[in-house]
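Chains as they are written, first to last, in my numbering: chain A, 27 to 266; chain B, 27 to 266.
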């Protein structure tokens, strides 16, 4: 399999890819490509070019579109877990096909993370997209307060869900009809202590449907990954 | 919610739970329970007792059975990933309801892990069962060569699957009819480099059905977690 590299739009000039110093260093020293060998450049928005490495950087050999995206546009609203758990969430849900993630400051999360964290999460999303052979790099939003994310996303006018633990609400699978999936979906998952009552009420007031993710109590890291696995599985299955 | 503690069968004597030194220390110093306060003791096989802490250890107040298990008995055969990835697999799949995990030495994994690793994985399974409020602690098998695990599990005479990447095989969802789930299922997922051709052929020879987990390339850590999320979701959903 050819090595994949996310590039910026400005790096493409006519039939060339202008490599940055660190990208060229990585391709030559770590991936161990020589002049004449190929790699794939992706713009993170679905466009891919097969590129031949040479002394000027890269020469575009062919263009193609990657067909690895889900038929459904999934936005996850994720209450930030303790420690480095959010990195694992970005990694796994990118592999599973998420399109956008809103990291959320909720009533029971820690203070707002540093800007360096956001840079690191975006880097992880990019690397995971490369490794999972996606043509699209998920967008990682700036961390927001939960109520702001609710207002932004509920205006998109698509099915919105909020996962709650110890609930009598129906399982999310009940709302995902494989024969009639929406084109876009938004799902919010909570942090370790769960959502506060006020947060759930606020989400419901903005047309978020509360749902269950099963009978067991999932950690803040597991909940969005399990959710994304379910949506991807239903979206890619044909029940043929 | 009451704190949960896995105990050994021998710790239950008539209407008492005889606590070990470290368990009592944990309950009193970390969970900060005082005499007269309650916790839940579970034997890891589905039996639960509500227990009152006192100077002799614990006095059983009531017995109950936890109703958080899946209707399907899932065994995962997991090719050991690099680093500490297997810990995350044990943690997440326990929360999602797995019953047994076979850590596997495959053609492309590292040498057999130390016995201390196995002890650590079993401890993680126990803690994750406590936290996710399960009554059953999944069994973590001794690490085995893949062909030995295939022979052991294929003799159980239930549907067996092997997940392969870059395949034209059908998605696993095609084989999981929500209205007709088997009582037991076995699924094998590979390590970073994927299975060798010989391994896949050997599995097929033992009636393992090759399946896809979707169009993107999942890491060795993500594959078993996504698989378990799918099975749990289908098992717990009623499509009502």
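Here a beta-carbon is modelled for each residue, glycine too, at the ideal position from N, C-alpha and C.
Margin query: Please list, in chain order, the chain B residues whose beta carbon lies closer than 8 Å to that of residue 132/A.
Written below: Near residue 132/A there are no residues of chain B at all, since even the closest Cβ is about 19 Å away, more than 8 Å.
Margin query: Can you tell me which residues form a DSSP beta bridge with residue 91/B?
Written below: 73/B
Item checked: Beta-carbon contacts of residue 125/A that lie in its chain and below 6 Å, excluding the five residues immediately before and after -> 99, 100 and 164
Next item on the list: Quick one: grab the DSSP three-state call for residue 101/B.
Entry: strand
Note to self: Using beta carbons (cut-off 8 Å, strictly below), is residue 245/A in contact with chain B?
What the structure shows: yes
Margin query: Less than 8 Å between CB atoms is the rule here; does residue 200/A satisfy it with respect to chain B?
Written below: yes
Checklist line | For residue 228/B and residue 176/B, believed in contact at Cβ under 8 Å, the rounded distance | finding: 6 Å
Checklist line | Residue-level contact to chain A via CB, residue 255/B, 8 Å cutoff | finding: yes
Note to self: Rounded to whole angstroms, what is the Cα-Cα separation between residue 88/B and residue 54/B?
What the structure shows: 21 Å
Note to self: Residues in the same chain with beta-carbon distance under 7 Å from residue 36/B, minus the five sequence neighbours each way, listed in chain order, please.
What the structure shows: none
Notebook entry, point to check: From which residue to which residue does the alpha helix (DSSP H) around residue 230/A run?
Noted result: 223-231
Item checked: Alpha-carbon to alpha-carbon, residue 253/B and residue 223/B -> 22 Å
Check: Nearest to residue 210/A by CA position, among 153/A, 180/A and 90/A, is which residue?
Finding: 180/A
Next item on the list: Might you give, ordered along the chain, the residues of its own chain that have their beta carbon closer than 7 Å to the beta carbon of residue 265/A, omitting 5 neighbours on each side?
Entry: Here residue 265/A scores only 46 on pLDDT, less than 50, and its place in the model is too uncertain to base an answer on.
Margin query: For residue 214/B and residue 236/A, I'd like the C-alpha separation in whole angstroms.
Written below: 33 Å
Next item on the list: Taking only the alpha-carbon atoms, compute the straight-line gap between residue 73/B and residue 110/A and give it to the nearest angstrom.
Entry: 34 Å
Check: Ordered along the chain, which non-local residues of its own chain (more than five positions away) have a Cβ less than 6 Å from that of residue 29/A?
Finding: 57 and 65
Notebook entry, point to check: Is residue 118/B near residue 248/A, with beta carbons less than 8 Å apart?
Noted result: yes
Check: Under three-state DSSP, which class holds residue 200/B?
Finding: helix
Next item on the list: Would you list the residues sitting across from residue 186/A in a DSSP beta bridge?
Entry: 212/A and 234/A
Notebook entry, point to check: Could you check where the beta strand (DSSP E) with residue 205/B kicks off and where it finishes?
Noted result: From DSSP, residue 205/B is part of no beta strand (DSSP E); its letter is neither H nor E.
Check: Where does residue 28/A sit, in a helix, a strand or coil, going by DSSP?
Finding: coil
Notebook entry, point to check: Roughly how many angstroms separate the alpha carbons of residue 103/B and residue 250/A, rounded to a whole number?
Noted result: 23 Å
Note to self: Going by DSSP, what residue range makes up the beta strand (DSSP E) through residue 129/B?
What the structure shows: 126-131
Check: Looking at C-alpha atoms only, which residue of 51/A, 85/A, 231/A and 70/A is the closest neighbour of residue 63/A?
Finding: 85/A
Margin query: Which of the three DSSP states is assigned to residue 149/A in this structure?
Written below: helix
Next item on the list: Note the first and the last residue of the continuous beta strand (DSSP E) segment covering residue 66/A.
Entry: 64-68
Margin query: Are there any heavy atoms of the ligand ADP lying less than 7 Å away from the beta-carbon of residue 203/B, as far as the coordinates show?
Written below: This structure simply doesn't include the ligand ADP, nor any ligand for that matter.
Notebook entry, point to check: Using 8 Å as the limit for Cβ to Cβ distance, is residue 237/B near chain A?
Noted result: no
Next item on the list: Report back the beta-carbon spacing between residue 138/A and residue 131/A to the nearest angstrom; my notes put them in contact at under 8 Å.
Entry: 6 Å
Next item on the list: Return the chain-ordered list of same chain residues with a C-beta closer than 7 Å to the C-beta of residue 255/B, the five sequence neighbours on each side being excluded.
Entry: 122
Next item on the list: For chain B, find out if any of its Cβ atoms is closer than 8 Å to the Cβ of residue 31/A; answer yes or no.
Entry: no
Next item on the list: Kindly list, in the order they appear in chain A, the residues whose Cβ is closer than 8 Å to that of residue 102/B.
Entry: Residues of chain A passing the Cβ test: none, with the nearest at roughly 14 Å.
Check: Under the rule that 16 or more other beta-carbon atoms within 10 Å means buried, what is residue 160/A, buried or exposed?
Finding: buried
Next item on the list: Anything in the segment 129-159 of chain B with a Cβ closer than 8 Å to a Cβ of chain E? List those residues in chain order, please.
Entry: In the structure shown, chain E cannot be found, because the protein chains are A and B.
Notebook entry, point to check: Near residue 212/B, what residues of its chain come up, given a Cβ to Cβ distance below 6 Å and the 5 sequence neighbours on each side ignored?
Noted result: 101, 179 and 186
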